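If you read the sequence shown in the working numbering, its first letter stands for residue 5, the second for the next number, and so on. Please read the structure below before turning to the comments.
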Amino acid sequence: MTNPLIWALLVITIGFGAIGFTDDAMKLLNRSHRGLNIRIKVAAELVLALGVVFWVTMILEAPLDHGLALPFVKSLLIDIGWFSVPFAVFVVIGSSNAVNLTDGLDGLAIVPIMVAAACFALIAYVVGNSVFTDYLQVHHVPGSGELAVFCGALVGAGLGFLWFNAPPAMVFMGDTGSLSTGAALGLIAVMTKHEIVLAIVGGLFVLEAAPSPSGLGDRAAPAVPACSVGTICRRRARRHGTKASRCDPLAPEDGIAALVPSPGVPLSHPAIVAAHDSGVEVVGDIELLWRTLPEPRYIGVTGTNGKSTTTALIGHLLRSAGARHVRVGGNLGTAALDLAPVPGDGTFVLELSSYQLDLTVETTFDIGVLLNVAPDHLDRHGTMAAYVDAKRQIFRPGRLGTAVIGIDDPISRVVHESLRERAQLQVVPVTVAARSRRGVSVAKGILHENGKAVCDLSQAAALPGTHNWQNAAAAFAAARACGLPPDRLAQALLDFPGLPHRMEKIGSVGGIPVINDSKATNAEAAARAIACFENVYWIAGGRPKEGGIDAIAPVFPHIAHVFLIGEAEERFAATLEGQLPVTRCGTLDRAVAAALDAACQNGREGTVVLFSPACASFDQFRDFEQRGDRFRALVPVDRVVAGEEAKTCTR
């Protein structure tokens, strides 16, 4: 670490990274797209770049200090005098912000960064070696060979980023990464005197960020980044005669009506920030559907757990009771903009994540359903309060006539109480804690409406456990708000076929039931599944979420043995070892084999093998469906029971 060029490079990298980190942190802490004041940000970049460039100018000897090399021309350094200083500052800041503008989902900027770093690794090594420079008749920069090591490290870091961030993307570079790497590349170009080469290589950034060839037309609605929702938005917009393209430069004078990001893109994404700063509206696919087809009835379903089952169940109830033109989708199955249009007397039943609700602006639902609220997605929302605020958008005033709210968790109870005083709004509480004379309740498996028995949910094979009873009660309440008769709904509840990966009985091994509950991506959902059985051989793990697995503690008596996989293995083991038998398996393949062996050897009556991960799937799988499909494939069942669900539980 005696090379001053390396020290200058570290200072510029860390300094610009600190500026970017401050900007990112302010956006997260303030839960806003606005971060560091733009004037302060540019001033900090200017001061830092100017100081480091002066330092480099003092390090380099004439003619390198004020020289500029021309590509493809040997032994030529043009002396540009002290103009070299502002020119070098421009290169550093320009490179930094070019990378920042190119940054996007799934590594949109990281590949051009890696290409540029690889090019400059070669350049730095060549101009730092006097043998090569004499042979090639190019200028020699003493000490620059060590810059190749930094460039190599940048390429390696980029490969690691891409490997970890394989779709679906989980980490975004942000200003922290983009400003620091861009500034580093700019300074390396200055130190090796190949600023023009950087401009040539940097053309990749321009190509990466450029609008699609279709261009922007009147009232264009850009979808960013390239993803399933973006593709659907473009397809649907063009179907209705509206121009749509992928683009980043956003300004009202471009004729852009709205930016339509995928729900998974954080609101701090540079394109979204640019849209807000330019006065361009940012909306999601749900908002576009609602504005395009406002006449039909809209039923929105949200909650931390149970959304998919409840959404599918509402659709099943409506169709079974004779409702016409029912479309089910959103965050479940078919994306909102791919749903077939319905006439004014039709119904859209939409599952809505907090991400999707964040991107609604005017959308109001005729019937809003909030099942429950527990800590989840805090990496996106920052705080629990922000997460709850997103969920509350399901009850935005307007055409909302009925609010169905589960009241068995404290946060949802607070939301329920806050809505009871709203005029002209029917608020229907849902509980599975006890029979209630108001709203819809379940006691000992019996579904009640305003205290009157409707049906016995313990006879619904596809709806085992109190968590599914809550889903059934909420779906029943939503269907009743549509004016459908309770007797027809009662029969439809018992006929519901269920959804895959949700308490799905895939068969048995040696007479022991095997349950696929891959959709249980948090501890609360897994605890509800475990509570349905007496002697559980539990397979858990994946990418852990905020809050850990404290919610599992009350159901420890139901667990015979735990088999851990994925990134959560060490963390979960630290909590569970000493309280339960634990086997660390690493992969799902090993966990399935170990759990089946242990259950068959030691299992007693009531034994089940339950795959209920309590984690996200992204450490080893694309999504929970792929994870559940892999689990199915690994289980050598005695017989596959088509459509059969897990044994009914009365807990």
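Just so it is clear, CB atoms sit at the ideal spot from N, CA and C, and this is done for glycine as well. None of the values given here were measured: they were computed from a predicted structure.
Residues bridged to Gly545 (per DSSP)
Ile569
Would DSSP call Ile10 helix, strand or coil?
Judged by DSSP in its simplified three-state form, Ile10 adopts helix.
Beta strand (DSSP E) runs contained entirely in the segment 431-487, provided each spans 3 or more residues
444-447, 450-453, 456-460
Over the uninterrupted alpha helix (DSSP H) stretch that includes Phe3, give me the two end residues.
With the chain covering 5 to 655 only, the question about residue 3 has no answer from this structure.
Output needed for Thr308: all residues of its chain with C-beta closer than 6 Å, excluding positions within five of it in sequence on either side, in chain order.
Asn376, Val377, Ala378, Asp380
Cβ-based neighbour list, Glu629, same chain, cut-off 8 Å, excluding 5 preceding and 5 following:
Pro504, His505, Ser522
Would you list, in sequence order, the uninterrupted beta strand (DSSP E) runs of no fewer than 3 residues that lie entirely inside the segment 321-403?
List check, beta strand (DSSP E) in window: 330-334, 351-355, 371-374.
Unbroken beta strand (DSSP E) run spanning Gly511, endpoints:
508-513
If we ignore side chains and look at the alpha-carbon of each, how far apart do Leu361 and Asp370 end up?
15 Å
7 Å CB neighbourhood of Ile415 in its chain, flanking five on each side removed
Val377, Val392
Quick one: what does DSSP say Arg588 is sitting in, helix, strand or coil?
The answer is strand: DSSP assigns Arg588 an E or B state.
Which residues in the same chain as Gln463 place their Cβ atom closer than 6 Å to its Cβ, once the five residues preceding and following it in sequence are excluded?
Leu498
Determine the burial state of Thr611: buried for a count of at least 16 other Cβ atoms within 10 Å of its Cβ, exposed for fewer.
By the 16-neighbour rule on beta-carbons within 10 angstroms, Thr611 is buried.
Just how far apart, CA to CA, sit Val284 and Leu580?
50 Å
Excluding the five sequence neighbours on either side, which residues of its own chain have a C-beta within less than 7 Å of the C-beta of Glu538, listed in chain order?
His562, Gly610
So for Pro75, helix, strand or coil by DSSP?
coil
Please classify Ala599 as buried or exposed, where buried requires at least 16 other C-beta atoms within 10 Å of its C-beta.
buried
Quick check: Gly186 and Val51, are their CB atoms within less than 9 Å of each other?
no
Using beta-carbon positions only, say whether Ala121 and Val96 come within less than 9 Å of one another.
In this structure, Val96 does not lie closer than 9 Å to Ala121 by Cβ.
DSSP-derived helix/strand/coil call for Thr314:
helix
How many whole angstroms separate the CB atoms of Leu321 and Ala483, which I take to be in contact at a CB cut-off of 8 Å?
With a Cβ gap of about 4 Å, Leu321 and Ala483 count as contacting.
Answer with buried or exposed for Trp86, where buried requires no fewer than 16 other C-beta atoms within 10 angstroms of its C-beta.
Exposed, since its Cβ has fewer than 16 Cβ neighbours within 10 Å.
CB-CB length for Leu356 against Ile398, believed under 8 Å:
6 Å
Could you give the C-beta distance for Val596 and Phe635, rounded to a whole number, given that I count them as a contact under 8 Å?
7 Å
Does Glu528 come out as helix, strand or coil in the three-state DSSP assignment?
Assignment of Glu528 by DSSP, reduced to helix, strand and coil, places it in the helix class.
Is it buried or exposed for Met118, if we count other Cβ within 10 angstroms and need 16 for buried?
buried
Where Ala227 falls: helix, strand or coil (DSSP):
Annotation note: pLDDT 48 at Ala227 (below 50); position unreliable, no value reported.
Simplified DSSP state of Asn41, which is helix, strand or coil
coil
Going straight from the alpha carbon of Ser324 to that of Leu493, what length do you get?
8 Å
For Gly181, which of Val142, Thr137, His329, Pro274 has the nearest alpha-carbon?
Selected option, being the one with the closest Cα: Pro274.
In chain order, what residues of the same chain lie with their CB nearer than 8 Å to the CB of Ser232, ignoring the 5 residues before and after it?
Here Ser232 scores only 42 on pLDDT, less than 50, and its place in the model is too uncertain to base an answer on.
Does the Cβ-Cβ distance between Ala531 and Ile569 come in under 9 Å?
no
Those residues which DSSP pairs with Phe537 across a bridge:
Beta-bridge pairing links Phe537 to no other residue.
Beta-bridge pairing of Ile127 - partner residues as DSSP gives them:
BP columns for Ile127 are empty, so no partner.
Go to Gly164, then tell me how far its alpha helix (DSSP H) extends in each direction, as first and last residue.
Looking at the DSSP string, the run of the alpha helix (DSSP H) that includes Gly164 is 151-168.
Roughly how many angstroms separate the alpha carbons of Gly90 and His280, rounded to a whole number?
A small correction: the amino acid at residue 90 is Pro; Gly does not occupy that position in the sequence shown. Pro90 and His280 have their alpha carbons spaced roughly 32 Å apart.
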